[in-house]
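>
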Amino acid sequence: MAPAPRFSAEEQERLIICAAIKAIEESSLLDFSMSAIAKLAGLSMGSVYKFVQCKEDVLIALATRMYKGRQSVFKKVLALPLTTPERIIATSLLDFSKVHMYTFDNQLESIVNTEAMMKRCSDRWLTQMRACGEQCQTMFQQFLQTAADSGELISGNRDITEINVGTWSLSVGYFQTVRLLQCLQNDLNGNIDASSEEKSLVLATDNAHIRTMKRLVNTYDWQKKISDDDIEKVCLHLVDAELR
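Going by the working numbering, 39 is the number at position 59 of the sequence shown; the sequence numbering is gapless.
1) Leaving out five residues on either side along the sequence, give the residues of the same chain with a beta carbon under 8 Å from the beta carbon of Asn144.
2) Between the alpha carbons of Glu95 and Asn86, how many angstroms are there, rounded?
3) Just tell me which of Leu23, Cys112 and Ser13 has its CA closest to the CA of Glu(-9).
4) Do the region 42 to 58 and the region 192 to 206 meet, that is, are 3 or more Cβ pairs less than 8 Å apart?
5) So the candidates are Val214, Tyr200 and Lys204; which of them puts its Cα closest to the Cα of Ile190?
6) Among the candidates Thr141, Leu150 and Trp105, whose CA atom is the shortest distance from the CA of Gln33?
7) Can you tell me whether Ala70 is buried or exposed, with buried defined as 16 or more other CB within 10 angstroms of its CB?
8) Only counting the same chain, and skipping five residues up and downstream in sequence, which positions put a Cβ closer than 7 Å to that of Lys204?
9) For Leu133, which three-state DSSP category applies?
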């Protein structure tokens, strides 16, 4: 009779994920090795390859875990006792350290969302990451549908897709491009005197992104549009919920 495995499949997955994070932190997203993961996990290469078949699988697995964590935080934000426009703004005003899972979140997101990465990873992991993205999209779609059904969004179903795409694109564009470039530029310049907002993962209420998001949201037909006072109220709710 073959000996029972030392670890269950779930335990092996946890060990490999933890080892992958450490291997990347000790090298980089491009330079880590599968052998380093096996060594840090205390598993054979065969056991590692049963879980992930290549380095691309490792990155996609880590990204999927990261997206699930973000989804959990956004779910808490959307449950706050605020109007729908206020909750939309709240998703940009929360402390983004609450949704950061790794020290390399931004770099990971830039790498995994490329055609080259998706072509090289296994179907299993790509399917899981896409399913996570679809779940998040569905969550926001249902959130806006509730506003339409209640009459809070006066235009009803007509603008749901547009609001969803517009606010999502604005947020992704800012956090993945503008903020990332600011941080990289500060690092390259050795700018240790950058403003507190540039160093922080919390946006001020008068930040350009927040002003733009407010203007975009208010172009739609809400029963109550969002004001500067409402934005301050949103911040207080986020603080109370330990999300800011």
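For each residue, glycine too, the CB sits at the ideal point set by N, CA and C.
Bear in mind the structure is a predicted one, so any value in this text is a computation, not a measurement.
Judging by the given coordinates:
1) For Asn144, where only same-chain residues beyond five positions count, the Cβ hits under 8 Å are Gln117, Phe120, Gln121 and Leu124.
2) Straight through space, the alpha carbons of Asn86 and Glu95 are spaced by roughly 17 Å.
3) Nearest of Leu23, Cys112 and Ser13 to Glu(-9), Cα basis: Leu23.
4) By the criterion of at least three beta-carbon pairs nearer than 8 Å, the region 42 to 58 is not in contact with the region 192 to 206.
5) Residue Val214 is the option with its Cα nearest to Ile190.
6) Minimum Cα distance to Gln33 is reached at Trp105.
7) By the C-beta density criterion, Ala70 is buried, having at least 16 other C-beta atoms within 10 angstroms.
8) Close CB contacts of Lys204 within its chain, under the 7 Å cut and outside five residues either way in sequence, are with Thr63 (chain order).
9) In the three-state DSSP reduction, Leu133 falls in the strand class (E or B).
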